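Trainee: Going by UniProt numbering, the residue at position 94 of the sequence shown is 94; the numbering climbs one at a time, nothing skipped.
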Amino acid sequence: MTSNPSNPAVDELLTVRVDRHDQATNIKEGTYNLDSIMVLQNQEDLHVWLVFVRTTLRIHGMEDLLDYEIPRPSQDNPKYSIWETCSLKVYADEFLQKLQRTVDGRSCYRYKYWREIIEIRRHDYATVEQYVTAVVQKTIITNRLDMPLTPYQALAILLRGIEDEYESFVDLTYHRLPENAAKDLTWSQFFNICGEVKQKARYMPASKGKNNRRSRTPRKHSPPQNINH
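1. Span of the alpha helix (DSSP H) holding N26?
2. How many angstroms separate the CA atom of D93 from the CA atom of E163?
3. According to DSSP, is P151 helix, strand or coil?
4. Measure the C-alpha to C-alpha separation of T142 and Y125 and round it to an integer number of angstroms.
5. For E129, report the span of its alpha helix (DSSP H) as first-last.
6. Starting from the C-beta of R122, find all residues in its chain whose C-beta is less than 7 Å away, skip the five residues before and the five after it, and write them out in chain order.
7. Quick one: is Q23 buried, meaning 16 or more other Cβ sit within 10 Å of its Cβ, or exposed?
8. Are the CB atoms of Y80 and P71 within a distance shorter than 8 Å?
9. Could you pull out every residue in the same chain whose Cβ sits closer than 7 Å to the Cβ of C194, ignoring the five residues on either side in sequence?
10. Run through DSSP, which three-state label would R121 get?
11. Who are the Cβ neighbours of T111 in its own chain at under 8 Å, not counting the five residues just before and after it?
12. So what's R72 in DSSP terms, helix, strand or just coil?
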């Protein structure tokens, strides 16, 4: 089984550093207001919700409050009073641990998230940028639930959704992949291509060629097409 992606772009968003002493180490001193966070509507949205929560708390050095594996500060810690105040304003780490165990322990939800990334379609999103963001988020969530995709599989899903709008770009992207892309493509390369797609969508209008696709030979390094199971 392929290991979870360890690209810095993912780590920056979702993980905490292991060299922190306790939950108070990175909390910033002073007063500040937390940005509003999307409401958790149901248990199926937990992992998406956590992405937004951790990102918001990271701004203030408070994301460690959510990690029960990071020790709490002792009462003689200079930042103990700050930690105590922030802890009460955020969420109890034990509560979040139990919540994650409840949701992650249900195999039906793991399958649900896996299907969401496998079946994601460009037409479900208003813009290419929103589509790319959704592909990245769903890939991260699926991999964190131990139903991982490889970087090449994630890329194939991404490019499938934009090939009608950016056909030449998709052709070129496949052409410049490593010779054994299915095995050798890295998460770093995948995230770099995601950035390129967003950049292209920002500055170059898409060409709608869905109804006039030309027949052609398969792209270099692209997955097989039209396989009957």
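Using N, Cα and C, we set each Cβ at its ideal position, and we do this for glycine too. Note that the coordinates shown come from a computational prediction; the quantities given were computed from them, not determined experimentally.
Mentor: Checking against the coordinates, here is how it stands:
1. Mapped onto the sequence shown, residue 26 falls at position 26. Here N26 belongs to no alpha helix (DSSP H), and DSSP marks it neither H nor E.
2. To locate residue 93, count along the sequence shown from 1; it is residue 93. To locate residue 163, count along the sequence shown from 1; it is residue 163. Residue confidence for D93 is low, a pLDDT of 45 falling below 50, so the modelled location carries little weight and cannot support an answer.
3. The count along the sequence shown starts at 1 and reaches residue 151 at position 151. Residue state, collapsed to three classes: helix.
4. Counted from its first residue, the sequence shown places residue 142 at position 142. Counted from its first residue, the sequence shown places residue 125 at position 125. The alpha-carbon atoms of T142 and Y125 are separated by roughly 19 Å.
5. The count along the sequence shown starts at 1 and reaches residue 129 at position 129. That run of the alpha helix (DSSP H) goes 128-144.
6. Counting from 1 along the sequence shown, the entry for residue 122 is found at position 122. Y131, G161, I162.
7. Here residue 23 is taken as the residue at index 23 of the sequence shown, counted from 1. The residue in question, Q23, is buried, as its Cβ has 16 or more Cβ neighbours within 10 Å.
8. Start at 1 with the first residue of the sequence shown, and residue 71 comes out as number 71. Start at 1 with the first residue of the sequence shown, and residue 80 comes out as number 80. No.
9. For the purposes of this step, residue 194 is taken as residue 194 along the sequence shown, with counting starting at 1. For C194, where only same-chain residues beyond five positions count, the Cβ hits under 7 Å are V132, V136, L158.
10. Position 121 of the sequence shown holds residue 121. Correct three-state label for R121: coil.
11. Residue mapping note: residue 111 aligns to position 111 of the sequence shown, counting from 1. The amino acid at residue 111 is misidentified as Thr; the sequence shows Tyr. Excluding sequence neighbours, Y111 sits near M147.
12. Position 72 of the sequence shown holds residue 72. It is coil, neither helix nor strand.
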